[in-house]
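Working notes for the structure below.
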Amino acid sequence: MAKLDNKKFMVCCANGAGSSLMMKMTLQKVLTKYGIKPGALHHCSLSEGKSAAPGYDIVLCARNFAKMFDDAAKKGTTVIGLKNIMSAPEMEQAMKDAGLLD
Numbered sequence: 029m030a031k032l033d034n035k036k037f038m039v040c041c042a043n044g045a046g047s048s049l050m051m052k053m054t055l056q057k058v059l060t061k062y063g064i065k066p067g068a069l070h071h072c073s074l075s076e077g078k079s080a081a082p083g084y085d086i087v088l089c090a091r092n093f094a095k096m097f098d099d100a101a102k103k104g105t106t107v108i109g110l111k112n113i114m115s116a117p118e119m120e121q122a123m124k125d126a127g128l129l130d
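In terms of the numbering used here, the sequence shown is numbered consecutively and its last residue is 130.
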């Protein structure tokens, strides 16, 4: 899965504390399963994420917050909204649907 090696990933939740940390661990599980070695894996609050997103290749967040990252998406960042941010199977499928995983 060399196409995602060294890519910069960011996960966001409302406050950037518990949920985003759990989401980061879930993402790490998915990346490890596919042998992907990220260049960066950052978790943060939505307010930080909104301004930092253009500096990342892939942003994952709750589906209801995905529109907040429209500006970053216009600049080339892949934004993935999830219904259950703790679900590894949903995260994996969403990344497949976005063309990031085979």
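We put the CB at the ideal spot given by N, CA and C, even for glycine.
The region 43-51 touching the region 65-80, judged by at least three CB pairs closer than 8 Å = yes
For A116 versus K65, is the C-beta distance shorter than 8 Å?
-> no
With L59 and A90 assumed to form a contact (beta carbons below 8 Å), what rounded beta-carbon distance in angstroms separates them?
-> Wrong, their Cβ atoms sit about 19 Å apart, outside the cutoff.
With a 10 Å radius around its C-beta and 16 neighbouring C-beta atoms as the bar for buried, classify M123 as buried or exposed.
-> buried
Could you name the residues of the same chain whose beta carbon sits closer than 6 Å to that of A94, not counting the 5 residues immediately before and after it, in chain order?
-> V107 and G109
Closest by C-alpha distance to D99, when choosing among N112, L129, D125 and G77 = G77
Which residue comes first and which comes last in the beta strand (DSSP E) that contains A68?
-> A68 to S73
Would you call Y135 buried or exposed, if buried means 16 or more other Cβ atoms sit within 10 Å of its Cβ?
-> This structure leaves residue 135 out entirely; the chain is present only between 29 and 130.
Go ahead and pull the three-state DSSP assignment for T105.
-> Judged by DSSP in its simplified three-state form, T105 adopts coil rather than helix or strand.
For the beta strand (DSSP E) containing A90, list its first residue and its last residue.
-> I86 to A90
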